[in-house]
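Protein chains in written order, with my numbering: chain A, -16 to 433; chain Y, 26 to 474.
Each residue gets a CB set at the ideal place from its N, CA and C atoms; glycine is no exception.
Notes follow once the structure below has been shown.
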């Protein structure tokens, strides 16, 4: 049993943890970055691997990718993240009806003509991102400990320690929990007790080669109506030539992902795309959806990124939290050293509350998964989507894109009232408190802890 | 005319270099213009210290991370590499003409705290230039040296910047050409600023000084035949060497003579017995009231351009970096067709930070002492009464506040012995620095640059 001391111990070498390590390392403090994976540059989970929202501000930042220097810039906060790996521009998001008709957010042809200025986001390779991070944090003296699955947290007045499954102890003036959606540390700290629990988001992800049909710069989503409920189909191009990332997302634990895969690969309008495709890899992931932790700091432990807010933060938000959280902790330590009042942490908590708890609506995010409960028959959804003839502006923001969809569908009210009055009560469900819409799923779901 | 840049930055000092680095990292096409033929050379007198390392300054705790050789700004959250030599400064000592020490911080106490006890940090500005130029080149900034900008022409959709027979076209321009900014002048941004005087300085690198600790700062006032200079002995980045600055606002003072007086006739002359001057620089910087609106017709100002030299190097770095971010944001906002806030966010910050939060008047007041206490005896009579150790600081604003507190106690004693001095000090406190410096203003003229 070893006991190592650092200024800061960070649990989780994802986008948030890495960026926090870098911020604290650059400020000159010692950092232990502890991760349960054997190799932190490997990535083996379902994730769209996108950096979102280049056409409008996201979480109080304006994001742009400077491929010339290999940097992703967060303009309002004023930091950049090294990314030298492959990428692909995303110009459009198509919401396909079950019948195969797309509601179009953006236009990939036009986008390609304009180029980078028109991209709504990019897809990256997360393994490349992690490799870049390792190359940035290693020279800063950040010590990376792999294969350590943190099980416990203990705290004293002026420190916090995490204990790994092998009994290893890492002690820091502060601990940063960046251990993701099903954060063990958040659970151990008791932060989940007062959070509203919605459901789990269950994801299966496949990498494919050789798809015929879909546009290489467009995100595709659709809904599959299956025996026990609906599954969301989400497909993004990969940054590698002719590769695709295909995901099935469900919130209803009864829905079979096997059935979803069979449906979209062999039966739905997407089947032709997959006819000669080759499956490269498959992963899955289940993530507990809670309301955000309003005050993610206690006893020298700070939770950042998804550890405090489901997966709604996106990679982009996790990078911001990492940066801000790292800066905050570094500033707090510096203030302590100089004998000044400590403001670093409280500044972060204010920012977190304003950004993730008040500035953006968690409900809006949960709405992403709800359309299938409301328009709960394939032909109903196809009918409604079919009414949307106009191309909407390109958008790849998980908060405002569903809102835009919602507004567009709501505007169809008069037409639907005339043509299909039977659908109005269903559509009305969209205005119900979302927790009610989810109630049945919530009842049969149970949160998990990594 | 060849390439159109997103931004043309005039001046490769701390402000311009950080603006270029920020804009370059954000993917902008950046031209950085510098009038010196070799942008890595220092050609002007400068204290070469980061002030205020132990307290907030312009909203940041500036910190040097020796392990990774980075200068960090805590709240704004940026840092950059500086791999040159550094020297901690642990306290500031004001020495009266007759040799009484007023201490800002106790040297031994501060030094015992190590890096946490430093009040300032000396560094090598040439090494800083080298480090930052490298970072700029790494993010594809085009650096043009030997370009003295003397014409700036804003058009509806771009701006043309010309000088030394060259012409550059950009969407925006950042003026970072220092306290006597040509860009501010030709843009008419100096109109309406109050001109106080010039701040004239001679900097000498001196080795072999035997007296002060190698890591403490000395300040000294003098009253000479031709006027009143004051002096700073600031530890240089070379261990044991000092940067001896002779500064004044009085154009009648012969700086070289004043520097000689310090070495040969002052109360600390013995320190210089074996001293040798190895380098010499001068500077002459116009002191105006600050520019309130930091943006005009595609030109955004950063650093001393808009605010005399009161920003110090840390302030120049901060505003340069912020200006680079602001223009990056504006360019991006323009490109994606959303409301452009980048520039207005910066001008708001500029106003909050430099104009509203810190007082330019207080800064200029720091230069008025010789025009209130008019000879050695008078300054001795007042400062000689201050025996307490004042708060450790190397921050012009905190320093003058601490001094005011200490003076209040001295005044209570002086009330009985030298009532005329007390009256004059009170009147001085109530007068605007404009009036106190009026006689100097009358005989000064801003340098043509």
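Any chain A beta carbon closer than 7 Å to residue i
i, result
"residue 106 of chain Y", "no"
"residue 165 of chain Y", "yes"
"residue 134 of chain Y", "no"
"residue 21 of chain Y", "Residue 21 of chain Y is absent from the structure shown; chain Y starts at 26 and stops at 474."
"residue 112 of chain Y", "no"
"residue 141 of chain Y", "yes"
"residue 474 of chain Y", "Only weak support exists for where residue 474 of chain Y lies, its pLDDT of 46 falling under 50; the coordinates are left without a value."
"residue 206 of chain Y", "no"
"residue 353 of chain Y", "yes"
Counted within 10 angstroms of its Cβ, other Cβ atoms place residue i as buried (16 or more) or exposed
i, result
"residue 115 of chain A", "buried"
"residue 385 of chain Y", "buried"
"residue 126 of chain Y", "exposed"
"residue 449 of chain A", "Since the first and last residues shown for chain A are -16 and 433, residue 449 of chain A lies out of range."
"residue 470 of chain Y", "exposed"
"residue 327 of chain Y", "buried"
"residue 433 of chain Y", "exposed"
"residue 480 of chain Y", "Residue 480 of chain Y lies beyond the range of chain Y shown here (26 to 474); nothing can be said about it."
"residue 120 of chain Y", "buried"
"residue 282 of chain A", "exposed"
Proximity test, Cβ basis, 7 Å: residue i and chain Y
i, result
"residue 378 of chain A", "no"
"residue 47 of chain A", "yes"
"residue 329 of chain A", "no"
"residue 473 of chain A", "Any question about residue 473 of chain A goes unanswered here, given that chain A covers just -16 to 433."
"residue 51 of chain A", "yes"
"residue 143 of chain A", "no"
"residue 10 of chain A", "yes"
"residue 88 of chain A", "no"
"residue 38 of chain A", "yes"
"residue 375 of chain A", "no"
"residue 406 of chain A", "no"
"residue 54 of chain A", "yes"
"residue 321 of chain A", "yes"
Minimum Cβ-Cβ distance from residue i to chain C less than 7 Å
i, result
"residue 304 of chain Y", "The structure shown contains no chain C; its protein chains are A and Y."
The ligand HEM heavy atom lying under 6 Å from the CB of residue i
i, result
"residue 101 of chain A", "This structure lacks the ligand HEM, and indeed carries no ligand of any kind."
Own chain partners of residue i with C-beta closer than 7 Å, once the 5 adjacent residues on each side are dropped
i, result
"residue 204 of chain Y", "310, 311, 329, 333, 334"
"residue 196 of chain A", "255, 256"
"residue 418 of chain A", "none"
"residue 321 of chain Y", "212, 214"
"residue 41 of chain A", "35, 299, 380"
6 Å Cβ shell around residue i - same chain, five flanking residues per side excluded
i, result
"residue 168 of chain Y", "57"
"residue 2 of chain A", "302, 305, 306"
"residue 194 of chain A", "227, 256, 260"
"residue 235 of chain A", "212, 424"
"residue 108 of chain A", "68, 69, 222"
"residue 219 of chain Y", "314"
"residue 10 of chain A", "313"
"residue 350 of chain A", "385"
"residue 273 of chain Y", "225, 254"
"residue 339 of chain A", "275, 292"
Neighbourhood of residue i by C-beta distance below 8 Å, restricted to the same chain and skipping five residues each side
i, result
"residue 390 of chain Y", "425, 458, 461"
message: Just to confirm the assignment: which complete alpha helix (DSSP H) runs, minimum length 4, are found wholly within the stretch 106 to 182 of chain A?
response: Taking only runs of at least 4 residues, the alpha helix (DSSP H) segments lying wholly in the stretch 106 to 182 of chain A are 109 to 120, 167 to 171.
- prompt: Enumerated in chain order, which unbroken segments of the alpha helix (DSSP H) with a length of 4 residues or greater are wholly contained in the stretch 268 to 315 of chain A?
  reply: none
message: Tell me which residues of the stretch 356 to 367 of chain Y have at least one Cβ-Cβ distance to chain A shorter than 8 Å, keeping chain order.
response: 357, 358, 360, 361, 363, 367
- prompt: Of the residues that make up the stretch 57 to 77 of chain A, which ones have a beta carbon closer than 8 Å to any beta carbon in chain Y?
  reply: 58, 59, 60, 61, 62, 63
query: Between the stretch 80 to 103 of chain Y and chain A, which residues of the former have CB atoms less than 9 Å from a CB of the latter, in chain order?
result: 80, 81, 86, 88, 89, 90, 91, 92, 93, 95, 97, 99, 100, 101, 102, 103
Start-end ranges of the alpha helix (DSSP H) lying completely within the stretch 183 to 242 of chain Y, minimum 4 residues: 207 to 211
- prompt: According to a CB-to-CB cut-off of less than 8 Å, which residues of the stretch 297 to 319 of chain A neighbour chain Y?
  reply: 306, 307, 310, 313, 314, 317, 318
Where the stretch 36 to 61 of chain Y meets chain A: residues whose CB sits under 8 Å from a CB there: 47, 49, 50, 51, 52
message: Which residues of the stretch 95 to 124 of chain A have a Cβ closer than 8 Å to any Cβ of chain Y? Give them in chain order.
response: 100, 122, 123, 124
Entirely enclosed alpha helix (DSSP H) segments - the stretch 333 to 403 of chain Y, minimum 4 residues: Listed in chain order, they are 337 to 361, 367 to 375, 385 to 390.
task: Could you please tell me which residues of the stretch 336 to 352 of chain Y, in chain order, have their CB closer than 8 Å to any CB of chain A?
output: 346, 347, 350
query: Unbroken alpha helix (DSSP H) runs of length 4 or more, entirely within the stretch 57 to 102 of chain Y: which are they?
result: Runs found: none.
query: Curious, which full-length beta strand (DSSP E) runs of at least 3 residues does the stretch 249 to 335 of chain Y contain?
result: With a minimum length of 3 residues, the unbroken runs of beta strand (DSSP E) contained wholly in the stretch 249 to 335 of chain Y fall at 255 to 260, 267 to 273, 301 to 313, 324 to 326.
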